[in-house]
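K.L.:
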Amino acid sequence: MDRPDDSQKPPKASEQKRPNPSNPKTAYLILYNSISALLWTVVLGRVLLIASLHGYQSVFAGTANFTRWTQTLAGLEVVHAAIGLVRAPLFTTLMQVSSRFLLVWFIAYPFPATTSLSPAYSSMLVAWSITEVIRYSYFALNLLYGRVPSFLIWLRYNTFFVLYPMGISSECWLVWKAIEPAKSYNLAYQWVLRGILFVYVPGAWILYTHMMKQRRKVLRVAGEDKKKA
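Once you know that position 167 of the sequence shown is 167 in full-length UniProt numbering, the rest is easy, because the numbers rise by one and skip nothing.
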């Protein structure tokens, strides 16, 4: 699933006019977000380069391992939210990270035959990587400078209108295609995947409405700041 908005700031950071990068928590989050932005930039570059040179059928072979470990790193975000390192809703963060883990560890990894030949894998990675490059860059700059360029704010709170359905539909298709081979892997596995698809739509709606609320809030504040200026 696409990323919900979460504030990668230490608690009560809003009380400060400008973040202090020398603060250990802030410094860690700047490093984490910067590394994550770089890793997802590499994922996006690989997908586009391989697809343009060799076709989407070759994307899986050239990106699967790197993407799997890049996404695994995002598991830290559940820890960040759980211990209060960031002001992020734990439930929505856990939902998003869990759905991504499902795709990279329990769909793409055990069932490469159905994943590697599907264009949905490439479209999923494009949606994920663009979303994450924007998101992590947004947080890193916000933590480092206390502000974000207006174009990045626009990208953060508008591109999800396209990237969100693109990512969700790709994910659902890959899960659906994995159901048949899952029968031979483990009979119960197919029913787990069917159950996941059943809750995917309402889960996606929760994240989507959360993002819409964040969008309205951020754009309202941005509009007020512009009037004051």
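Glycine included, every Cβ here is placed at the ideal spot set by N, Cα and C.
Comparing the C-beta of residue 183 with each C-beta of chain D, is any distance below 9 Å?
P.N.:
Among the chains of the structure shown, chain D does not appear; only one protein chain is present.
K.L.:
Would you mind reading off the limits of the alpha helix (DSSP H) that contains residue 159?
P.N.:
Segment: none, residue 159 is in no alpha helix (DSSP H) and carries neither H nor E.
K.L.:
Would you kindly work out how many angstroms separate the C-alpha atoms of residue 35 and residue 22, rounded to a whole number?
P.N.:
18 Å
K.L.:
Going straight from the alpha carbon of residue 221 to that of residue 198, what length do you get?
P.N.:
Taken atom to atom, the span from the alpha-carbon of residue 221 to that of residue 198 is near 37 Å.
K.L.:
In chain order, which continuous runs of the alpha helix (DSSP H) of length 4 or greater are located wholly inside the stretch 13-54?
P.N.:
For the alpha helix (DSSP H) assignment, the uninterrupted runs of no fewer than 4 residues enclosed by the stretch 13-54 are, from N- to C-terminal side, 24-54.
K.L.:
Got a sec? Which residues, its chain only, sit under 8 Å from residue 75 by beta carbon, not counting five neighbours each side?
P.N.:
97 and 101
K.L.:
With a Cβ-Cβ cutoff of 9 Å, do residue 43 and residue 118 count as a contact?
P.N.:
No, these two residues do not count as a Cβ contact at 9 Å.
K.L.:
So for residue 218, helix, strand or coil by DSSP?
P.N.:
helix
K.L.:
For residue 87, name the three-state secondary structure that DSSP assigns.
P.N.:
strand
K.L.:
What ranges does the alpha helix (DSSP H) occupy inside the stretch 139-188, keeping only unbroken runs of at least 4 residues that lie completely in it?
P.N.:
150-156 and 160-185
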